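No gaps in the numbering here: position 14 of the sequence shown is 15 in this note's numbering, and each next residue is one more. Just so it is clear, CB atoms sit at the ideal spot from N, CA and C, and this is done for glycine as well. Predicted model, so just to flag it, every value in this text is computed and none were measured. Report on the structure given below.
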Amino acid sequence: MTSTLAPAPIDRAAPPAGTAGAPRRRTRVLALPEARWAAAALVLFLIALPLQLTGAPAWTWGPAYALTYAAGGWEPGWAGLRALKDKTLDVDLLMVVAALGAAAIGQVMDGALLIVIFATSGALEALATARTADSVRGLLDLAPATATRVEADGSEVTVAVEELTVGDTILVRPGERVGADGRVLDGASDVDQATITGEPLPVAKERGDEVFAGTLNGTGALRVHVERDASETVIARIVRMVEEASGTKAPTQLFIEKVEQRYSLGMVAATLAVFLVPLAFGAALTGSLLRAMTFMIVASPCAVVLATMPPLLSAIANAGRHGALVKSAVVMERLGEVDAVALDKTGTLTEGTPRVTDVRPLPGSGLDEAGLLTIAAAAEHPSEHPLARAVVEAAREQGLALPVAEDFDSTPGVGVTATVGGHAVAVGAPARLLTGSGDAGSTGAADQAAELEDGGRTAVLVAVDGTPVGVLGIADRLRPDATATVASLTSLTGAAPLLLTGDNPRAAARLAAEVGIEDVRAGLLPHHKVSAVRELERSGRKVMVVGDGVNDAPALAAAHTGVAMGRAGSDLALETADTVVVRDELATVPAVISLSRRARGLVVQNLVIAAVFIAGLVAWDVAGHLPLPLGVAGHEGSTVIVGLNGLRLLREAAWKRAAE
């Protein structure tokens with residue numbers, strides 16, 4: 002049934018309401034104080050370093066190094082001092098003390114480099130947090146700022162969506178975004194719900210069907226009865242879920258940072274003991290102080306700290322070269338802990354674009370596959386519907402010449418009609434186009450359509466002069482590496498991934514069967530996906546969620562770690578996720594997990610190496626007399642060894658081994 006509502010003309014040069022026309026809310030890097038201080042520290046360091054290396058007098062580069070310490074170290078140092086009020090020895094303060102200690106023994110450049118690295122790391126963390134907040138706020142731009150309310154006397158008034166109340170009636174014209182969650186009172190159209198459900202194809206809507214705020218209306222006009230206030234729409238709830246999940250996710254630390262808290266306290270106490278005990282028994286002040294300084298140097302956790310960071314940073318760099326952006330060392334460590342994976346369907350396991358999969362001419366139609374596709378594509382050519390684009394693209398891929406279509410007409414929820422080569426051609430939904438007369442052509446077309454739909458495809462009927470001549474099957478195409486990726490994830494985690502999708506159950510079941518997934522949960526809204534993730538986590542699993550859309554963002558935020566497909570991923574998904582697969586190569590996901598586990602193995606090796614060096618040097622200093630230069634050499638030597646060991650993951654061979 003065509004809509005009886007009079008649609009307003011569409012300005013195709015203007016973006017739809019609430020989409021591209023909305024301003025992007027993006028925090029500038031230098032708007033963050035952490036970034037400004039880190040940049041200042043880096044500039045000062047780059048001024049001082051060449052002066053020192055070229056043999057310039059100390060008065061030329063010394064002040065620049067001092068300013069580097071001040072610019073990059075004052076903020077973490079102050080934060081560490083505040084933490085002392087809570088009786089916590091913060092890693093920020095430890096890093097600043099370590100840098101000052103390096104300067105005290107003449108290693109001014111080393112300490113300044115440590116300050117610059119630490120300040121840059123803090124700036125990147127602050128930027129990631131700000132960008133995530135930007136995307137959460139920007140999600141509200143998906144919903145239009147205004148809506149057309151239909152008054153009791155039939156007049157139309159443009160109002161802010163916040164003024165809509167339950168019971169109002171709004172008019173949604175072609176090309177507009179729906180202003181509120183509600184139910185269709187009158188009209189018919191196709192509505193793109195990908196932002197909410199992730200469905201790859203627009204959904205036909207008519208009287209009695211539910212629509213969601215922020216979804217994009219097609220070519221028909223709809224009158225919608227408002228059923229939820231603006232603050233309770235699905236899109237508003239997505240915003241709240243992302244914010245809550247991000248806020249309640251337990252703060253994480255690298256494993257070594259947890260160890261450092263106890264180790265550093267013990268080291269400080271032991272250093273005081275090494276200084277005070279001999280002094281109490283009459284030892285000379287200078288000798289006791291020198292022994293304590295040596296002890297502090299050889300027992301300091303520099304090698305322990307470097308035991309962790311080089312392997313993780315090397316793994317991050319290697320993954321980045323191969324299209325996986327891992328946002329921090331904490332994320333890289335968490336990736337290796339994953340023991341359950343939840344996958345989205347559309348845009349993750351599939352390409353997210355509908356394509357023609359079946360071309361079935363009916364017996365007696367006189368058409369072969371090329372002929373059927375030609376007339377269908379000719380009739381669909383003027384249409385902007387995604388299914389029409391899929392049909393036209395299939396004809397182009399086969400190099401078919403399309404005749405000109407005349408008298409084109411499109412009916413939302415039904416299909417299109419056009420005159421092609423002097424014949425009336427109709428292409429659309431089988432349930433609407435079949436006459437129901439029971440003749441052989443209609444029966445055969447109905448059987449073919451039912452078979453395609455049972456297989457999870459969308460069936461499209463083609464009729465010429467009122468007689469069915471064939472059926473097309475259209476579906477979202479599986480990624481080439483999807484099956485192998487599911488098998489790899491199953492092997493790595495010991496359990497098959499589960500499928501979480503807003504798409505219909507039949508399409509989800511068909512795809513799951515193709516890739517080897519048994520646990521399928523379809524027809525899910527964003528909060529259902531979050532519930533599924535939390536259900537797994539309550540059972541003790543560490544869940545990775547892989548998705549790409551706005552509707553996946555709450556689950557990405559709630560999971561132990563979230564991975565977003567980068568090429569077509571929404572801004573919110575990309576900012577919320579911990580890792581972004583930039584090239585959309587799904588096989589990268591298990592490779593990154595494997596690389597993370599190798600990094601964790603190198604961390605253990607490095608901790609053993611560091612422990613052996615520290616224990617040996619400390620025993621020498623306490624039991625005998627360890628010369629300070631030899632203590633410094635041993636300490637720096639252990640640091641270099643663990644650093645080089647961690648850099649092994651930069652090699653190309655490390656990625657190849659992980660990808661296997």
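| query | result |
| --- | --- |
| Buried or exposed by the 16-neighbour rule on C-beta atoms within 10 Å, applied to Lys206 | buried |
| Test item: CB-CB of Val463 and Gly474 under 8 Å | no |
| For Lys206, the residue or residues it bridges with in DSSP | Ser190 |
| Cβ-based neighbour list, Leu50, same chain, cut-off 6 Å, excluding 5 preceding and 5 following | none |
| C-alpha gap between Leu52 and Ile118, whole angstroms | 20 Å |
| Spatial distance of Ala391 from Glu338 (CA atoms) | 41 Å |
| Burial state of Leu645, where buried means 16 or more other Cβ atoms lie within 10 Å | exposed |
| Minimum C-alpha distance to Ala183 - residue among Arg150, Gly155 and Asp154 | The sequence as given places Gly at residue 183; Ala does not occur at that position. Per the Cα distances, Arg150. |
| CB of Leu373 within 8 Å of CB of Pro362, strictly | yes |
| Beta-carbon proximity of Val516 to Val534, cut-off 8 Å | no |
| Cβ neighbours of Ala320 in the same chain (closer than 7 Å, five flanking residues each side left out) | Val327, Val593 and Leu596 |
| For His1, the nearest candidate out of Ala427, Arg229 and Thr349 (CA to CA) | This structure cannot speak to residue 1, because the chain is shown only from 2 to 661. |
| Between the CA atoms of Leu557 and Ile317 - distance to the nearest angstrom | 20 Å |
| Span separating the alpha-carbon of Gln399 from that of Asp345 | 31 Å |
| Residues of its chain near Glu35, where Cβ-Cβ distance is below 6 Å and the 5 sequence neighbours each way are ignored | Gly123, Ala124 and Ala127 |
| Secondary structure of Gly457, DSSP reduced to three states | coil |
| Beta-carbon gap between Ala147 and Leu43 smaller than 8 Å | One detail in the question is off: residue 147 reads as Thr in this sequence, not Ala. Not in contact: Thr147 and Leu43 (Cβ atoms no closer than 8 Å). |
| Nearest residue (CA-CA) to Gly73, options Trp38, Ala59 and Gly367 | Trp38 |
| As assigned by DSSP and simplified to three states, the class of Thr518 | Sequence check: residue 518 is Ile here, not Thr. Correct three-state label for Ile518: coil. |
| Thr61 classed as buried or exposed, judged by whether at least 16 other C-beta atoms fall within 10 angstroms | exposed |
| Proximity to Ala402 [Cα-Cα], best of Gly422, His528, Glu536 and Glu385 | Gly422 |
| Alpha-carbon spacing of Val97 relative to Leu115, whole angstroms | 8 Å |
| Per-residue DSSP class, three states only, for His424 | strand |
| Among Ile171, Ala80 and Thr216, nearest to Asp193 - alpha-carbon criterion | Thr216 |
| Proximity winner among Pro364, Pro404 and Leu493, relative to Thr468 (alpha-carbon distances) | Pro364 |
| Opposing strand residues paired with Met545 [DSSP bridges] | Val342 and Thr562 |
| Helix, strand or coil at Ile226 [DSSP, three-state] | First, the residue type needs correcting, since residue 226 is His and not Ile in the sequence shown. In this structure, His226 counts as strand in the three-state DSSP scheme. |
| As assigned by DSSP and simplified to three states, the class of Ala476 | strand |
| Sequence-distant residues of the same chain with beta carbon closer than 7 Å to Arg652, five excluded per side | none |
| Euclidean distance between Cα positions of Thr589 and Thr420 | 48 Å |
| Residue of Gly563, Val227, Gly457 and Asp553 minimising C-alpha distance to Val582 | Gly563 |
| Cα-Cα separation between Arg356 and Ala476, rounded to whole angstroms | 6 Å |
| 7 Å CB neighbourhood of Ala450 in its chain, flanking five on each side removed | Pro431, Ala460, Leu462 and Val472 |
| Counted within 10 angstroms of its Cβ, other Cβ atoms place Ala659 as buried (16 or more) or exposed | buried |
| Contact check, Val227 vs Thr166, beta carbons under 8 Å | yes |
| Distance between beta carbons of Leu650 and Arg599, contact taken as under 8 Å | 7 Å |
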